[in-house]
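Chains as they are written, first to last, in the numbering used here: chain A, 55 to 278; chain B, 1361 to 1851. Built from N, CA and C at the ideal position, the CB exists for glycine as well. As the structure is a prediction and not an experimental result, all values here were calculated from the model. Structure first, commentary second.
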Ligand SMILES: Nc1ncnc2c1ncn2[C@@H]1O[C@H](COP(=O)(O)OP(=O)(O)OP(=O)(O)O)[C@@H](O)[C@H]1O
Ligand SMILES: [Mg+2]
């Protein structure tokens, strides 16, 4: 899951990036409105965290322009002003949720998860494919009742797979949603990680869940 | 309850006093009038009695006793129909009497007879005849020390009593009605005087912290009430100002403290989410400390400014050798600027002494130098110079840094104004430095101004009035004991 953080206060941006990455999200940062808008337009993000008071282009304007281009990416606004007026106009111009500064990081994470759920039309923090389950809040992964230990990247990859079951996921899609913009597309890192994941999820089970779609990419599904 | 009401109290007092005055006046009037009326009657009957007595003793008198009525008609000009008289011999037997007595006779008391025998005149009031009492004089007629007869003259008191009765009735009607009218008038006047007070009360009651822009409508007259209303309005304005300042302070403080608080909270929460290496904790704590320092700086500055707004900052009035102060500040700035590879120059040949607060002036200079260093890239230069100009001294802090755009120049002395928020914050600034400088300059009777060009640099000029030079140069400059404790911002 890839998140864009648009925040001019360097220290705020940096703890957001650190905390979100530790939750296995891929995080990009923009320090002003123009840069944020640019990144939002060239990349496909799963969520944008947007500060309202930004240099060059303020948060409201960035929000408006993102929505004008038809994008429905979930947007969480951060506001220093707790005036209801601001919040209402934010929600009106298409933000999905807001948090006032200073906020609790745990709450931010809960809101982020809720927005993902809403986007995927899920009802719980549990994702399920066959006998494989994943908890997005505790990051626990179980196959057939047994816990599976995953690295951060493997977890992020699996979460992305499980949010999009029965769908062909191309290598481009996968890099866009699991890696941040420091990713070098010329490598075969995706294939390497999918193989790691296969070893931990499917090895020893008769029924394989991760399938290779020749010439296009990968897919996770319950049926053979 | 009703006694808690001033208008009723006033009216009541007014009525009581007026009532006392009116009743005592009426009583006085009644008694003086009655006594003078009675005295007049006595004088009158006595003179008639004397006339009669003299006629009976004077052999050449024109009239005989038989025609007393006519005799009296002459000197008095009227017919004394209401006067009765009779003449007795010395033993008390009645001789002649006036016609109008008909078959009645005037009584003679033992006392009167006895007095008469001693040659004395007696006045009496008797109830003997008719509805009204009679006033009667008994007078002996003496010739050669012998009482030859006694003359009695009496008159009815009808007129006097009637007059007094009428007077009493008039007084009994007019005094109470005068009191009623006066009390209504008094109430009206009290109302008129006190209505503005009610108005003031009403306004005062309506005023809350949210409606401090309300005022009492002032009347043109500068009477007691007018002055009260004016004083009251003044008080409301002062209250309003302090409320506004407090609100402004709270809003500013909460707004400015929010960013460091967000950082602190976020960094700590993220830090605590998992076990970390000591270096990581150290990094987090260092960053936290930076934010805490920044916060206390903001709080100090804000507190200073809000105190200054309320007029609670007291400047000391010492003779300060500005030349020496500039050299000191220069030395301090030089050490700090070295870290950033910025050269600081000084040119202060002029001797200048000003009256003021050493700590504040130092803070002013340090703030300007701090800005110069902050907003000048590495390798830049800063010059601080001092020049006398008439009875003023001019102080420059000049840099060749990033400069200030013309559109921003009018705002840089405003509170919290920063051109590049992120840049200023990274350098630990809160946008209060120049507003504090401006306050200090103006509190010393001076001014501060800026000239700047983007990418070329800025010149900040402070003009202060010189101290009158009758006293010797800076001899009495004092070192404040508070010096060591005072922390200059940014340094
Ligand atoms: N010498 C200078 N050159 C360029 N810009 C300046 C200079 N001095 C001040 N400014 C601009 O004016 C703004 C206000 O200055 P001020 O000293 O009030 O605040 P600050 O330096 O940001 O913070 P603080 O002084 O409170 O630490 C600064 O943020 C900066 O943008
Ligand atoms: Mg400053």
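Return no unless some Cβ of chain A is closer than 8 Å to the Cβ of residue 1762 (chain B). no
Can you tell me which residues form a DSSP beta bridge with residue 152 (chain A)? A:131
Supposed close pair residue 279 (chain A), residue 188 (chain A) - CB separation, criterion 8 Å: Any answer about residue 279 (chain A) is impossible in this case: the structure gives chain A only from 55 up to 278.
Considering only their Cβ atoms, is the gap separating residue 1622 (chain B) from residue 248 (chain A) smaller than 8 Å? Pairing residue 248 (chain A) with residue 1622 (chain B) gives a Cβ-Cβ distance that is not under 8 Å.
Tell me, please, whether the CB atom of residue 215 (chain A) is closer than 8 Å to any CB atom in chain B? At a cut-off of 8 Å between beta carbons, residue 215 (chain A) makes no contact with chain B.
In the structure shown, what three-state DSSP assignment does residue 1485 (chain B) receive? strand
Going by CA-CA distance only, name the one from B:1510, B:1667, B:1719 that's closest to residue 1680 (chain B). B:1719
Close beta carbons around residue 1463 (chain B), own chain, < 8 Å, minus the five adjacent residues each side: none
Let me see if you follow: with CB-CB separation under 8 Å, is residue 66 (chain A) close to chain B or not? yes
Can you tell me which of the three DSSP states residue 1445 (chain B) falls into? strand
Excluding the 5 residues preceding and the 5 following residue 1760 (chain B) in the sequence, name in chain order all residues of the same chain whose CB lies nearer than 6 Å to its CB. 1740, 1741, 1817
Any beta-carbon of chain B closer than 8 Å to the one on residue 62 (chain A)? yes
With 8 Å as the limit, tell me which residues of the region 203–229 of chain A have their beta carbon closer than that to any beta carbon of chain B; keep them in chain order. none
Cutoff 6 Å; reference residue 1514 (chain B); Cβ partners in own chain excluding five residues on either side: 1444, 1466, 1494, 1496
Cα separation between residue 1561 (chain B) and residue 1798 (chain B)? Computed Cα separation, rounded: 42 Å.
Please list, in chain order, the chain B residues whose beta carbon lies closer than 9 Å to that of residue 173 (chain A). Neighbours of residue 173 (chain A) on chain B: none; closest Cβ ~24 Å, over 9 Å.
Reference residue 1746 (chain B), options B:1683, B:1763, B:1699, closest by Cα: B:1683
Is the CB-CB distance between residue 202 (chain A) and residue 225 (chain A) below 8 Å? no
Neighbouring residues, chain B, relative to residue 73 (chain A) (Cβ below 8 Å): 1626, 1629, 1630, 1633
Please compile the residues from chain B whose C-beta is within a distance smaller than 9 Å of the C-beta of residue 160 (chain A). Against chain B, the beta carbon of residue 160 (chain A) has neighbours under 9 Å at 1629, 1633, listed in chain order.
For a test of your reading of the model: does the CB of residue 1586 (chain B) fall under 7 Å from any non-hydrogen atom of ligand 1? Yes or no. no
Using a C-beta cutoff of 8 Å, does residue 1683 (chain B) count as contacting chain A? Not a single C-beta of chain A is nearer than 8 Å to the C-beta of residue 1683 (chain B).
Of the choices A:55, A:58, A:57, A:62, whose alpha-carbon is the least far from that of residue 1786 (chain B)? If we check each option's Cα against that of residue 1786 (chain B), A:62 comes out closest.
Could you tell me which uninterrupted alpha helix (DSSP H) segments, each at least 4 residues in length, are contained entirely in the region 144–212 of chain A, listed from first to last along the chain? Taking only runs of at least 4 residues, the alpha helix (DSSP H) segments lying wholly in the region 144–212 of chain A are 159–174.
Tell me which residues of the region 1611–1625 of chain B have at least one Cβ-Cβ distance to chain A shorter than 8 Å, keeping chain order. 1615, 1618, 1619, 1621, 1622, 1623, 1624, 1625
Residues of chain B with CB under 9 Å from residue 70 (chain A), in chain order? Ordered by position in chain B, the residues that pass the 9 Å Cβ test against residue 70 (chain A) are 1626, 1630.
Which residue wins for smallest C-alpha separation from residue 1523 (chain B), given the options B:1825, B:1738, B:1795, B:1395? B:1395
Cβ-based contacts, 7 Å cut-off: residues of the region 1700–1721 of chain B near chain A: none
Taking a Cβ distance cut-off of 7 Å, strictly less, list which residues of the region 1644–1662 of chain B are near chain A, in chain order. So the close ones are 1647.
Where residue 1571 (chain B) falls: helix, strand or coil (DSSP): Of the three classes helix, strand and coil, the one that applies to residue 1571 (chain B) here is coil, per DSSP.
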